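Below: the structure, in structure tokens.
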Amino acid sequence: MRTRGPRLALLAFAAGSMLMVFSVPSAQAIPAFARKYATSCQTCHVGFPKLNPFGEAFRLNGYRMPNQTEDQVKIKPVSLGAEAYKRMWPKAIYPSSLPGQVPLAMNVKMASVYDSSLDDSGRTITHNDFQFPQEVNLFAGGTLGDYIGFLGELTYGENPDGSTETEIERIHLQADSFIGPEHLVNLKVGKFAPDLEDGFNEMWLSTDSGVDTLFTFNPIGLHGGTGLSEEDAGITLPGVVKGVELYGVGAHRFFYTVGVANGLTPPTTSSSKDFYARADYKFGGMALDGDTTGVTLPPENWRERSLRVGVLGYHGSGKGADFALTDENGADFNVEDRTYTRAGVYASWYFDDLNVFGVAMTGRDRLDTFDADGALVNSASHRFSTWFVQGDYVILPPLQASLRYENVTPPSSANAPSIRALDASLSYFFYANVKGMLEYRRDLHESKNYSLNTILRFAF
Amino acid sequence: MKRFIPFAVLALAATPLLAGDIHGKVEAHGVRNSADAVVYVDAIAGKTFAPPAEHVLMDQKNMEFIPHVLPVLAGTTVDFLNSDALLHNVFSPDACADRMNLGTWPQGQKRSFTVKKPCFAALLCKVHPEMEGFLAVLPTPYFAVTSAAGAYEIKDVPNGTYTVKVWHPTLKPAQQSVTVNGATEANFTIHK
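Protein sequences appear in the order of chains A and B. So the first sequence is numbered by the working numbering: it starts at 1 and just counts up by one. So the second sequence is numbered by the working numbering: it starts at 1 and just counts up by one.
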């Protein structure tokens, strides 16, 4: 079985490369907020899309400045009811407001993608593609009245084969601090990146490629998962969910999330939902709600000395979602991921210009295998583990470097090699909203497989 | 009548009649309006001026430096107040202001800085890169900042002949010799 190793690794790397080429990683830089507050991208970003501690507080505060005053909003909102109408409620509709200008923003990404890998015969296969553009994102973000915020992203992507994709990547409405102490209870509804994974979701990542081993490992297989999925299967850890989430910050530094979301199961076959939760605590630095009482922070707003540690979990059912597989003899099977559970620990350490963060997660999947006639052939649990660690370093404010190591150990029953990848990137900010990147990704199992991408992004 | 003469001499010695003002207009080309030009009397040979004991305030409010341009006499201590409910910083990239960096401080607190020599220093905030202000540290206490229409008035300038200069954050400086004798008008044009 060992001989399967290089081939599987090649497939895994090819899948990973394909993901880099074909997937449309979200690119979060929301100039609509910069316009609203007449402030620089760097107020909230170390360099877009990675948020600095203040940006994280801004996000968790429902896209409002902590302790925001009216005068800080430079584009005055349009009133949908006088303030005194609040006293009239419920005899009148509660007064709200609209953003003073259409809160739209664009992000454009162009990528020169070069990848090289060995095929089964040992021949080197290369691709070199100017993906100009690779994607264009239309963002909408703002607030409605005192308690409601919204964020949306419509993405247009062009594939190497000339086909195009348009997708609502996310759109959600959130009610902030609508009951209880400020920041403690917030509700989010829609399609969004769950707060389960902020900080290491590609939405906020400083590298161009997401953490494939965490988000795209495919646990489906006759004996458990063996490699990365070519499409975001949504089974390992979903990058985006359709659901309802409750989250909040307590005592300035404690953070929690609980959420319920559509899972893998088609709504037509089951009413079951996925559940997730997270809890963490931040020691030192700016508090999660932006509070700085008793903390001395350097003027360089990406710097601080802090440690955030937490746990996360995800559980769901894939009953009714069949994956067609063929074994080595050509026999057809269907596999269902009846239940899947993920549990992980997360840490993020800031030491001035350095931010090291990572996740270690284990996953358990109960896979039911059915033959072509629908008879249950096998039912077994398979466990995989995955982890990554990434270091981001601000060499100079316009020049930033990232280095990431990723690893997945597939279930032992799958007898597949581990997937290991190294990702190194260098970002240069020509302006606060124009960024060039050079990103190198190498398959450490098959060391001749690599990709080198040059990326230009701008937002306005 | 005689008994009034000493009072008249005293009144003259009190100098208001010997001092005038310089007023006029600065026409700034290539910018939205003519505000924020500093018009000042340049160093006067043989004359020095003690800085005021009182501190002068530069506010940071609604993520702006207020005023945008602050003229002070060399040696004046400037208090930088944070009026926002978020952290601010003040630093200057200019050597003449010792490339000072006052750190960060929260709402309601101040940090002070004294620029001893004449200098035009940009003031920036590392936390909010869009914020910009200017400190014009001047050799004499005779200065004014123009309004949006470009109008200015420097009061209580002793009669005499001076070099009057104009400095603007983005436009080229200008100067002219002005003889002050009571109310004196001096107009300037500055451009890129």
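Glycine included, every Cβ here is placed at the ideal spot set by N, Cα and C. Just so you know, these numbers come straight off a predicted model, no measurement behind them.
Chain B has a Cβ within less than 7 Å of the Cβ of A:Asp71.
DSSP, read as helix, strand or coil, puts A:Ser116 in strand. Secondary structure note for A:Asp129: its beta strand (DSSP E) is the uninterrupted segment 124-144.
In this structure, DSSP gives A:Tyr256 an extended state, which the three-state scheme calls strand. Residues of chain A with a Cβ closer than 7 Å to the Cβ of B:Phe65 do not exist; the shortest Cβ-Cβ separation is about 13 Å. At least one CB atom of chain B sits nearer than 7 Å to the CB of A:Ser40. Proximity to B:Pro106 across B:Gln60, B:Ala174, B:Ala53 peaks at B:Gln60, based on C-alpha coordinates. When beta bridges are read from the DSSP output, A:Gln174 appears opposite A:Gly149, A:Lys188.
When A:Leu264, A:Leu60, A:Ser385, A:Gly142 are compared, the shortest CA-CA separation from A:Gly225 is found for A:Ser385.
Shown here, A:Asp443 sits in a strand according to DSSP, grouped into three states.
Contacts between A:Ala32 and chain B, judged by CB atoms closer than 9 Å, are missing: the closest CB pair is about 16 Å apart.
Taking the beta carbon of A:Glu446 as reference, no residue of chain B falls within 9 Å; the closest one sits roughly 44 Å away. Taking 7 Å as the cut-off, the Cβ atoms of A:Thr155 and A:Glu135 count as close. Less than 7 Å separates the beta-carbon of B:Gly75 from that of B:Lys116.
Counted as a single uninterrupted DSSP element, the alpha helix (DSSP H) harbouring A:Asp212 occupies residues 212-215.
For A:Glu300, the C-beta contacts it makes with chain B under 8 Å involve Lys126, in order along the chain. Identification of residues in the stretch 132-143 of chain A having a C-beta nearer than 7 Å to some C-beta of chain B yields an empty set.
Rounded to the nearest whole angstrom, the CA to CA distance from A:Arg308 to A:Asn52 is 14 Å. Between B:Leu102 and B:Arg111, the CB-CB gap stays under 7 Å. With a beta-carbon spacing of about 6 Å, A:Ile235 and A:Asp337 fall inside the 8 Å limit used to define contacts.
Shown here for A:Leu452: same chain residues with a beta carbon closer than 7 Å to its own, the five before and five after excluded, namely Tyr114, Tyr440 in chain order.
In the DSSP assignment, A:Met110 is bridged to A:Leu456. For A:Asn334, the pairing in a beta bridge is given by DSSP as A:Ala324, A:Phe370. Residues of the same chain with a CB within less than 6 Å of the CB of A:Ile455, apart from the 5 flanking positions on each side, are Ala111, Asp208, Met437 in chain order. Boundaries of the alpha helix (DSSP H) harbouring A:Tyr85: 85-88, taken from the DSSP string.
At least one C-beta of chain A is nearer than 7 Å to the C-beta of B:Asn62. Short of 8 Å from the beta carbon of A:Tyr94, and not among the five residues preceding or following it, lie these beta carbons of its own chain, in chain order: Gly81, Tyr85, Lys86, Gly145.
By a beta-carbon distance limit of 8 Å, A:Pro103 contacts A:Gly141. Their separation comes to about 6 Å. In this chain, A:Lys36 is not harboured by any beta strand (DSSP E); it is covered by the alpha helix (DSSP H) spanning 31-37.
Chain A has no Cβ within less than 7 Å of the Cβ of B:Thr140. Within the model, the alpha-carbon separation for B:Asp36 versus B:Pro173 is close to 13 Å. Using a C-beta cut-off of 8 Å, the stretch 185-199 of chain A makes contact with the stretch 274-281 of chain A, since at least three inter-stretch Cβ pairs fall below that distance.
Cα atoms of B:Gly30 and B:Val157: separation of roughly 30 Å, rounded to the nearest angstrom.
Scanning the stretch 42-81 of chain A from its first residue to its last, the whole alpha helix (DSSP H) runs of 4-plus residues come out as 53-60. Taken in chain order, the members of the stretch 102-124 of chain B whose beta-carbon sits within less than 7 Å of a beta-carbon on chain A are Gly103, Thr104, Pro106. Our two residues, A:Asn415 and A:Leu246, have alpha carbons roughly 39 Å apart in a direct line.
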